[in-house]
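Peer 1:
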Amino acid sequence: MTEAELVNKIRKLRQIKPSSDWVALTKSQILGEEPKVLFFPFFKPAKAGLISVLILFGLFAFSQNSLPGDFLYPIKKITEKSQAVFVPEAEKPKVQLELTNKRLEELAEIAETNQVRKLPAAVEEYQTNVSEAAKSLEKIKEPEKAKEVVVEIKKLEENKQKVEKVLATKIDSEKEGDSVQGLYKTPAEVLIEDLEKRTLSEEDQKILEEAKELYQAGKYSEALEKIWILSQNK
Numbered sequence: 005m006t007e008a009e010l011v012n013k014i015r016k017l018r019q020i021k022p023s024s025d026w027v028a029l030t031k032s033q034i035l036g037e038e039p040k041v042l043f044f045p046f047f048k049p050a051k052a053g054l055i056s057v058l059i060l061f062g063l064f065a066f067s068q069n070s071l072p073g074d075f076l077y078p079i080k081k082i083t084e085k086s087q088a089v090f091v092p093e094a095e096k097p098k099v100q101l102e103l104t105n106k107r108l109e110e111l112a113e114i115a116e117t118n119q120v121r122k123l124p125a126a127v128e129e130y131q132t133n134v135s136e137a138a139k140s141l142e143k144i145k146e147p148e149k150a151k152e153v154v155v156e157i158k159k160l161e162e163n164k165q166k167v168e169k170v171l172a173t174k175i176d177s178e179k180e181g182d183s184v185q186g187l188y189k190t191p192a193e194v195l196i197e198d199l200e201k202r203t204l205s206e207e208d209q210k211i212l213e214e215a216k217e218l219y220q221a222g223k224y225s226e227a228l229e230k231i232w233i234l235s236q237n238k
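Take the sequence shown: its letter number 153 is residue 157 in our numbering, and every next letter is one higher.
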């Protein structure tokens, strides 16, 4: 290689410039700064999005142990409602009763740990869920579904009585549709209508008539007690 050729190649090398990515990375390494992400411009947003998702999942997880009046409690309710969306329509009354039982468990925990400040919010949440459960029960038409929810209502009533014993006060709303007794209305109606279509013995027909009288008087749970054994055997 002649001297002229060597000089020419050196001149060409001088024209080569490092990429802006390399310059930024080298500078950050020398100065100890956080590198500007130029190689993958999507990296930072993606990383931020991942962190946000992890935080969100963390909040959902922590909220499951929250109680009415707690900061994270609204998130717990949002989680429950989002899960309920995927429940088949026929199963929603039962699920709503299970949620009402959860409200009673929260109320019991608040009462047992003497968190007096949270009691009003917890009672309100319970009453709201009873009202929502009553509305969902109105959709029941099949006797078998009515029998299923009666079992759940009985559990609910037992738990309510335990909570009321701890609190030494009633927690049901005075409105018929917003009380546990009011929850028996639709199941009683469905089972009475079902028994009316069947051939009954004279004794069973008498029991059915007594149940209908109790139902007309608004004594829905007592009406169910009358026809429960009959409906189970049919």
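For each residue, glycine too, the CB sits at the ideal point set by N, CA and C.
Would residue 183 be called buried (16 or more neighbouring beta carbons within 10 Å of its own) or exposed?
Peer 2: Position 179 of the sequence shown, counting from 1, holds the residue named residue 183. Buried.
Peer 1: How should residue 100 be labelled, buried or exposed, when 16 other C-beta atoms within 10 angstroms of its C-beta is the threshold for buried?
Peer 2: As a working mapping, residue 100 is identified with position 96 in the sequence shown. Per the 10 Å Cβ criterion, buried.
Peer 1: Considering Cα atoms alone, identify which of 192, 231, 140, 110 is closest to residue 164.
Peer 2: Numbered from 1 along the sequence shown, position 160 holds the residue referred to as residue 164. Ranking the options by Cα distance to residue 164, first place goes to 110.
Peer 1: For residue 122, which option in 206, 107, 227, 209 has the closest C-alpha, if you only look at C-alpha atoms?
Peer 2: Here residue 122 is taken as the residue at index 118 of the sequence shown, counted from 1. Minimum Cα distance to residue 122 is reached at 107.
Peer 1: Cβ of residue 105 within 8 Å of Cβ of residue 159?
Peer 2: Indexing the sequence shown from 1 puts residue 105 at position 101. Indexing the sequence shown from 1 puts residue 159 at position 155. Contact flag set, yes.
Peer 1: Can you give the Cα-Cα distance for residue 115 and residue 133, rounded to whole angstroms?
Peer 2: Translated into the one-based positions of the sequence shown, residue 115 becomes position 111. Translated into the one-based positions of the sequence shown, residue 133 becomes position 129. Cα-Cα distance, rounded: 18 Å.
Peer 1: DSSP on residue 160, reduced to helix/strand/coil?
Peer 2: Translated into the one-based positions of the sequence shown, residue 160 becomes position 156. In this structure, residue 160 counts as helix in the three-state DSSP scheme.
Peer 1: Which of helix, strand or coil does DSSP assign to residue 179?
Peer 2: The residue you call residue 179 lines up with position 175 of the sequence shown. Residue 179: coil per DSSP, three-state reduction.
Peer 1: When burial is assigned at 16 or more other CB atoms within 10 Å of the CB, is residue 222 buried or exposed?
Peer 2: Counting from one through the sequence shown, the residue named residue 222 turns up at place 218. Under this definition residue 222 is an exposed residue.
Peer 1: Return the residue from the list 138, 95, 202 that minimises the CA-CA distance to residue 149.
Peer 2: Stepping through the sequence shown from its first residue, residue 149 is reached at position 145. Ranking 138, 95, 202 by Cα distance to residue 149 puts 95 first.
Peer 1: Name the residue from 71, 225, 157 whose alpha carbon lies nearest to the alpha carbon of residue 192.
Peer 2: Within the sequence shown, the letter at position 188 stands for residue 192. Among 71, 225, 157, the Cα nearest to that of residue 192 belongs to 225.
Peer 1: Taking buried to mean at least 16 other C-beta atoms within 10 Å of its own C-beta, is residue 46 buried or exposed?
Peer 2: For the purposes of this step, residue 46 is taken as residue 42 along the sequence shown, with counting starting at 1. Confidence at residue 46 is low in this model, with a pLDDT of 46, below 50, so its placement is unreliable and no value can be given for it.
Peer 1: Would you say residue 194 and residue 230 are within 8 Å of each other, going by their C-beta atoms?
Peer 2: To locate residue 194, count along the sequence shown from 1; it is residue 190. To locate residue 230, count along the sequence shown from 1; it is residue 226. No.
Peer 1: Are the beta-carbon atoms belonging to residue 152 and residue 98 less than 8 Å from one another?
Peer 2: Here residue 152 is taken as the residue at index 148 of the sequence shown, counted from 1. Here residue 98 is taken as the residue at index 94 of the sequence shown, counted from 1. For residue 152 and residue 98, yes; Cβs fall inside 8 Å.
Peer 1: Under a three-way DSSP split, which group does residue 144 fall into?
Peer 2: Counting from 1 along the sequence shown, the entry for residue 144 is found at position 140. If DSSP states are grouped into helix, strand and coil, residue 144 belongs with coil.
Peer 1: Determine the DSSP secondary structure at residue 222, reduced to helix, strand or coil.
Peer 2: Sequence index remark: in the sequence shown, residue 222 carries index 218 (1-based). Three-state result, residue 222: coil.
Peer 1: Give me the Cα-Cα distance between residue 71 and residue 127, rounded to the nearest whole angstrom.
Peer 2: Position 67 of the sequence shown, counted from the start, is the residue given in the question as residue 71. Position 123 of the sequence shown, counted from the start, is the residue given in the question as residue 127. Between residue 71 and residue 127, the C-alpha separation is close to 11 Å.
Peer 1: Can you tell me whether DSSP reads residue 203 as helix, strand or coil?
Peer 2: The residue given as residue 203 occupies position 199 in the sequence shown. Looking at residue 203 - three-state DSSP - the assignment turns out to be coil, as it is neither helix nor strand.
Peer 1: Just verifying my parser: in three-state terms, what is the DSSP assignment at residue 89?
Peer 2: The residue labelled residue 89 in the question sits at position 85 within the sequence shown. In the three-state reduction of the DSSP assignment, residue 89 falls in the coil class, being assigned neither a helical nor a strand state.
Peer 1: Residue 142 to residue 93, Cα distance in whole Å?
Peer 2: For the purposes of this step, residue 142 is taken as the residue at position 138 of the sequence shown. For the purposes of this step, residue 93 is taken as the residue at position 89 of the sequence shown. Approximately 12 Å between the Cα atoms of the pair.
Peer 1: Among the candidates 124, 78, 227, 102, whose CA atom is the shortest distance from the CA of residue 140?
Peer 2: Position 136 of the sequence shown holds residue 140. The option with the nearest alpha carbon to residue 140 is 102.
Peer 1: Where does residue 76 sit, in a helix, a strand or coil, going by DSSP?
Peer 2: Within the sequence shown, residue 76 is the residue found at index 72, counting from 1. Correct three-state label for residue 76: coil.
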